[in-house]
Amino acid sequence: MIQLEGINLHFSNKKTILEDLNLEIPQGAFCWLTGPSGAGKSTLLKMLHLEIKPASGRMEILGINPLKARRNLCARLRQRVSMIHQDYRLLSNLSIFDNVALPLRLQKIDKKIIQSNTNEILEWLNISHKQKAFPNTLSGGEQQRVAIARAVVHKPAILLADEPTNALDENQAFRLIDLFNDLNSIGSTVIVATHNETLIKNFPAPKLTIHDKQLWISDV
Amino acid sequence: MFDRISISRLDGLRLHRALPGRLLIFLVAAMTFLAALTITGVYGNHLLIKRWNTGAASVVILQLLDPDKPVQNSNRDFLGNRENSIMAFLQTQSDLASFHKLSAQEINELLSPWLHGNAEDFALPLPAIFELHLKDNKTVSANLLKGLREIAPDIIIEQSDFWKQRLNSLASSLQSCAFFALLIVVSVHIVVIALTTRTGLIACRQAIEILHILGASDYYIAQRFSHRNAYLTFIGSLIGCILFCPLLLYLTHLCLPFSSNPDWQRVFDQSWYSLWFAIPTPLFALFLFLPIFNALISWLTTEFIVYCWLRRLT
Ligand SMILES: Nc1ncnc2c1ncn2[C@@H]1O[C@H](COP(=O)(O)OP(=O)(O)OP(=O)(O)O)[C@@H](O)[C@H]1O
Ligand SMILES: [Mg+2]
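Chains U and A, in that order, are what the protein sequence lines are. Heads up, the first sequence is in the working numbering, so the first residue is 1 and it goes up one at a time. Heads up, the second sequence is in the working numbering, so the first residue is 1001 and it goes up one at a time.
Here it is in C-alpha cells:
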C-alpha cells in the first residue's frame, strides 16, 4: 500500500520536480510509470524508496509514515521496498553472488537459504556462470540483470524498477516482465518506469504518467 | 558468531583498507606508553609522599624544662606538675596517632655520645622529652600549640611538619600536571580515532550509501566501524603496555628502597624477574585495565562519529 497526499518535491536548487502529488496504490498492484526524460520518474521512485524526502506532504508506505518514523524503522522498511536503479548501484568490490545475496544477509537469513535463493535467481536470469565475477567485468545488460536479481531475491513487498529493460534485448525484457508478474501474483506491489511502449502494449496495466510536475493516471 | 563474521566480510565495507590497521596500532601503542608512564609517575609520587607523611615528617619533639614544677597559669587550674599536665593535655588531642615520653634510659642513650658518660652523673637538670606522632595528613594545629604554651610557655617544640606541607603541595601540583598530561593523551586518542573514522567513512562512502538503501541499519554500519577500531586499539594498547614493562621494572627497582616492603633489600639484590612480584598490585591491575579502557574510548568515539555522519543519509 502506497499513499501520497499533497506531496511537493524539489532539490536544493529550488527547481520543483513534483507539485501537489496525490496517489494511492493498493498492495499487490502492478503499474507502469512513464513520462518524458527528465520528468521526474527516477525522482518519484527514489522518494518511494526513502532516498529523497519531499519538501511537504504526507506519505505512507506499508502502513508506515517514513517522514515521522524513527531511522531504525525506516531501515527495516527499506528491506521490504526494493529498487532497481537506473545506474544499478552494484558494490564493485563484491562478487556477483555476494552482491545478490546482500539483502538476504542483511536480514540475517540462514546461510543455506541464502545459497539456494541466490543461485535460483541467478539461474533464472542466466547469469549464474558469472557469479564469481566482479561487476565491472560484466556487460551493461549483465549488470542490469544482477541489479534485478538483487532487487527481487528477497521477494520484497514493493518493487520499484527504474527502466529495468533498457539494457536488455526484447526476449529478455519479456521474460523479465514475467518475473515481475510472478512476484506480483504472490502479493508484491510492482511499479516499473519505462519508455518502452511495446512492453506497455504487451502487458496492459494501469499507467502513471508524469507530465509537467503532475501525475496522471490512466488505464491501458 | 561465525555467521556474523562471514556477513561482515561480505557486505562490501572493506574496512581493512578504509581503517588502516598498522598506523592506528602504532599511534595507540605510543599513546598508551605515554599514559602508562604518567600513571606510573603519579603512583610513584603518591607512594613516596605517603612514606614521607607517615615517616620523618610526622614526628614532633617536645622539650619541657623543669617537668616537676607546678603549672603557673592564672587563668586556669591544672592538676599536678607540668609534666602530668602536658600528658593529660596530649591525651585529649585527636590529631595525634601516638605520643611517648622518653624514659631516662632513652635520654641517656641519646645524650651519652655528647657527654662521654652517664648523663645522671653530671647532675644536670634533664628536661622531659616527648615524641609525638601525627596522624597522616595532619599538621601541628594552632590549638595544640596554644594548649602546650598555656601549660608551659617555655616549652620547645621541634617540628618538621612545615616540610610536610611544602612537600605535599609540591606533590599535589605534580599530580595535577600528570592529570592534565593524561587528559591530553586521552583527547589526542579521541581526535586520532575520530579522524581515522572520518577518513574510513569517506573511503567507504559509496558502499555505505548502497548498504543504507538496501536497508542496513545505522547500528549495523556503526558497529562494523566501532568493532574494528576497538579491536585495533586493544591490540595497540596491549603492545604499548608490553613495551612499557621493561621501564616499569626499572622504575620499580628504583623505588624499592622507599617501599614499605620490609624485605626490599632482598628483592633488590635478586635477579630482575623477582621484580615482577614487587610491582604494586594496583599498578599491575591498571595495565590490564588500560587496553580495555582505550578500546572502550575508541568504540564510543567511533560510534558517535559514524552515527553523526549517517545522519546525512535520509
Ligand atoms: N540530485 C539532484 N539534484 C538536482 N537536480 C536533480 C537531481 N536529481 C535529478 N535532478 C533533476 O530532476 C529532474 C528529474 O530527474 P529524473 O532523474 O527523476 O528524471 P527521469 O524522469 O528519471 O528521466 P529519465 O527518463 O531520463 O531517467 C531532472 O531535471 C534532473 O535534472
Ligand atoms: Mg530516470
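We put the beta carbon where it would ideally sit given N, CA and C, even for glycine. Here the structure is a predicted model, which is why all the values come from computation and not from measurement.
Asked	Found
Using a Cβ-Cβ cutoff of less than 8 Å, which residues in the same chain neighbour Val1185(A) once the five nearest sequence positions on both sides are dropped?	Met1031, Leu1034, Ala1035, Thr1038
Can you grab the Cα-Cα spacing for the pair Leu1296(A) / Leu1211(A), in whole Å?	26 Å
Please return the same chain residues whose Cβ sits closer than 6 Å to the Cβ of Gly960(A), not counting the five positions on each side in sequence.	This structure leaves residue 960(A) out entirely; chain A is present only between 1001 and 1314.
Out of curiosity, what's the CA-to-CA distance linking Phe1002(A) and Lys41(U)?	Here Phe1002(A) scores only 40 on pLDDT, less than 50, and its place in the model is too uncertain to base an answer on.
If Leu4(U) and Met59(U) are in contact, beta carbons under 8 Å, what's the gap, nearest whole angstrom?	5 Å
So with CB distances below 8 Å, who are the chain A contacts of His49(U)?	Ile1213
Which partner residues of Trp32(U) appear in the DSSP bridge assignment?	Val192(U), Lys207(U)
Cβ of Ser139(U) versus every heavy atom of ligand 1: is any distance shorter than 7 Å?	no
By the DSSP assignment, the beta strand (DSSP E) with Asn65(U) in it spans what residues?	Where Asn65(U) is concerned, there is no enclosing beta strand (DSSP E), given that its DSSP letter is neither H nor E.
Gly1012(A) touches chain U at which residues, Cβ-Cβ below 7 Å?	Leu91, Asn93, Leu94
Go ahead and label Val1191(A) buried or exposed: buried means 16 or more other beta carbons lie within 10 angstroms of its beta carbon, across all protein chains shown.	exposed
Give the straight-line distance between the Cα atoms of Ser139(U) and Val1188(A), rounded to the nearest whole angstrom.	48 Å
Using 8 Å as the limit for Cβ to Cβ distance, is Thr1314(A) near chain U?	yes
So what does DSSP say about Gly141(U), is it helix, strand or coil?	helix
Once you ignore the five residues that flank Ile1005(A) on each side, which residues in its own chain have a CB closer than 7 Å to its CB?	A caution first: Ile1005(A) carries a pLDDT of 45, below 50, which makes its placement in the model unreliable, though a value can still be read off. Answer for Ile1005(A): no residue qualifies.
Per DSSP, which one or two residues make a beta bridge with Asn8(U)?	Ser56(U)
Give me the subset of the region 35-64 of chain U whose CB atoms are less than 7 Å from a CB atom of chain A, sorted by chain position.	His49, Leu50, Glu51, Ile52, Lys53
Can you tell me whether DSSP reads Met1087(A) as helix, strand or coil?	helix
Cutting at 8 Å between CB atoms, please list the residues of its own chain near Ile200(U), excluding the five before and the five after it.	Trp32, Thr34, Thr194, Lys207, Val220
Any heavy atom of ligand 1 closer than 7 Å to the beta-carbon of Asn166(U)?	no
Three or more C-beta pairs closer than 8 Å, one from the region 94-104 of chain U and one from the region 169-185 of chain U: is that the case here?	no
For ligand 2, enumerate in chain order all residues having a CB closer than 6 Å to any of its heavy atoms.	Lys41(U), Ser42(U), Gln86(U), Asp162(U)
Of the choices Leu1126(A), Ser1271(A), Trp1276(A), Gln1165(A), whose alpha-carbon is the least far from that of Lys1138(A)?	Gln1165(A)
If you compare alpha carbons, which of Arg1014(A), Leu1013(A), Leu1023(A) is closest to Leu1232(A)?	Leu1023(A)
Does the distance between the C-beta of Ile17(U) and the nearest non-hydrogen atom of ligand 1 fall short of 7 Å?	yes
Tell me Ser185(U)'s beta-bridge partners as DSSP assigns them.	Note: Ser185(U) sits in no beta bridge, so no partner.
Taking the alpha helix (DSSP H) that Met47(U) falls in, what are its first and last residues?	41-48
Does the beta carbon of Ile1210(A) sit closer than 8 Å to a beta carbon anywhere in chain U?	yes
Measure the Cβ-Cβ separation of Thr1155(A) and Gln1063(A) and say whether it is below 8 Å.	Correcting the residue type first, residue 1155(A) is Ile in the shown sequence and not Thr. Result yes, Cβ atoms of Ile1155(A) and Gln1063(A) sit closer than 8 Å.
Starting from Ala1222(A), find everything on chain U with Cβ-Cβ shorter than 9 Å and list it in chain order.	The contacting residues do not exist; Ala1222(A) stays about 11 Å from chain U at best.
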